[in-house]
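Structure, as structure tokens:
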Amino acid sequence: MKKILVTGGLGFIGSHTVVELQNEGFEVVIIDNLSNSSEEVLGGIVAITGKKPIFEKMDLRDKASVTAFFAKHSDLEGVIHFAASKAVGESVENPLLYYENNLGVLVYILQELQKKGNANFIFSSSCTVYGQADEMPITESAPVKAAESPYGNTKQVGEEIIKDTCKVNPQLAAIALRYFNPVGAHPTVEIGELPIGVPQNLLPFITQTGIGLREQLSVFGDDYPTEDGTCIRDYIHVVDVAKAHVSALQRLLTGENQSNYEVFNLGTGKGSSVLEVIQSFERVSGEKLNYRIAPRREGDVIQAYADTQKANEVLGWKAASSLDDAVKSAWEWEQKIRKADKEPSV
Ligand code: WQD
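Residue numbers for the sequence shown follow the numbering used here, beginning at 12 and rising by one.
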């Protein structure tokens, strides 16, 4: 079995990707520092696949630990790198945490891959690199715009670091995957999103409002130049995002890549407004959502949705789930974890 390292493999997208890797017969090693996840997620993965990944709790900011890990696992055939801090607001308040955790760690991992012979690397990037793109849908050749936050900057600079490293290391092959808005949970409701504290993202805030954990959803602005005045995003089921990582890894393992640094957008190609997501929730849950129109949120782009042609035709991957499928899976997951919270622990 080919052994793959998944950093941040107990996180939201990471854990769903571990499941898809195991489904495809890969052996998975997870590194996670549990700063934004919990070891219980391992149990969820095993419940789905019946296979327990190797898990090593580690802070990747410790360069010596990273070196020791790669010496111990010299048989790794690929690395999928999710481990990073991702809260836009937090990055503004604590930029150095983001530059150290998102870029310092990336350098340490690339230094280890540079020492190996052939190496395959998948990077978790984001549509944030486009800022407010001029044209919709957004293609991979859309210009990268000045980042609006240190978080966004770490994705842009991260891509540049990888591109520059691949230029002088022909034996290193990398793919950057630019996610649009991953949402939802695994259909088995064994794993899903576990936001810590008050959710920053729309869908977990909606489901927490639906379950009664939050009083009311604030819709950040309805005076944008869109059909219903609210911002538009490309919400993509997290399982579709996970499957795209396996497709990208297989592309590198089979040498189908056209260059040793490639970029793909991961989206559905369909934009949905905030109000449309609320309507989707009400449709799939049968519940009215309590929300109010609030002032705009600083830094929000008006609209962002993906041109999926390159991912569909070159990567050979296409999102299969609809917005309702994703919202329904998120709602089922929310109901399950809150039910578990309420049950007295034995
Ligand atoms: C979506 C829409 C909000 C919450 C961010 C990061 C991006 C990626 C995904 C990591 C916006 C509106 C939200 C709420 C609202 N993260 N909203 N009320 O901002 O598109 O992307 O998360 O890679 O990098 O920037 O996602 O879910 O925060 O917001 O009205 O309580 O929902 O204004 O229009 P976003 P989001």
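Yeah, the Cβ is synthetic: ideal placement off N, Cα and C, and Gly gets one too. Computed from a prediction, not measured in an experiment: that's the story for all the values here.
At least one heavy atom of the ligand WQD falls within 7 Å of the beta-carbon of Cys-242.
Contact between the stretch 246-255 and the stretch 18-37 is present: 3 or more CB-CB pairs across the two stretches fall below 8 Å. A straight-line Cα-Cα distance of about 16 Å links Arg-262 and Lys-14. In the structure shown, His-248 falls within a strand segment according to DSSP collapsed to helix, strand and coil. When beta bridges are read from the DSSP output, Asn-271 appears opposite no residue.
In the three-state reduction of the DSSP assignment, Asp-318 falls in the coil class, being assigned neither a helical nor a strand state. Annotation for Gln-290 indicates a beta carbon at 7 Å or more from all heavy atoms of the ligand WQD. Between the beta-carbon of Thr-218 and that of Ala-341 there is about 5 Å, and that keeps the pair under the 8 Å contact cut.
Spanning the alpha carbons of Pro-148 and Ser-229 requires a straight line of approximately 27 Å.
For Ile-41, the enclosing beta strand (DSSP E) stretches over residues 38-43. As computed with DSSP, Ser-283 is found in a beta bridge with Arg-244.
A buried status is given to Ile-202, since no fewer than 16 other beta-carbon atoms sit within 10 Å of its beta-carbon.
Contact between the stretch 346-355 and the stretch 272-281 is not established, with fewer than three Cβ pairs separated by less than 8 Å. Around the beta carbon of Gly-142, 16 or more other beta carbons lie within 10 angstroms, which makes this residue buried. In the DSSP assignment, Ala-341 falls within the unbroken alpha helix (DSSP H) covering 334-353. Between Asp-70 and Asn-44 a beta carbon distance of about 5 Å is seen, short of the 8 Å cut, so the two are scored as contacting. Beta-bridge annotation (DSSP): Arg-189 is paired with Ser-136 and Asn-276. Bridge pairing for Ala-196: absent [DSSP]. Excluding the 5 residues flanking it on each side, Phe-81 has same chain C-beta neighbours closer than 6 Å at Glu-123, in chain order. Burial is judged here by how many other beta carbons sit within 10 angstroms of a residue's own beta carbon; Ala-305 has fewer than 16 and is exposed. Taking C-alpha positions only, Ser-136 is separated from Ala-253 by approximately 13 Å.
Judged by beta-carbon spacing, Gln-211 lies beyond the 8 Å limit of Thr-220, meaning their Cβ atoms are not closer than that value. Check the Cα spacing between Asn-113 and each of Gln-125, Lys-97, Glu-67 and Pro-198: the tightest is with Lys-97.
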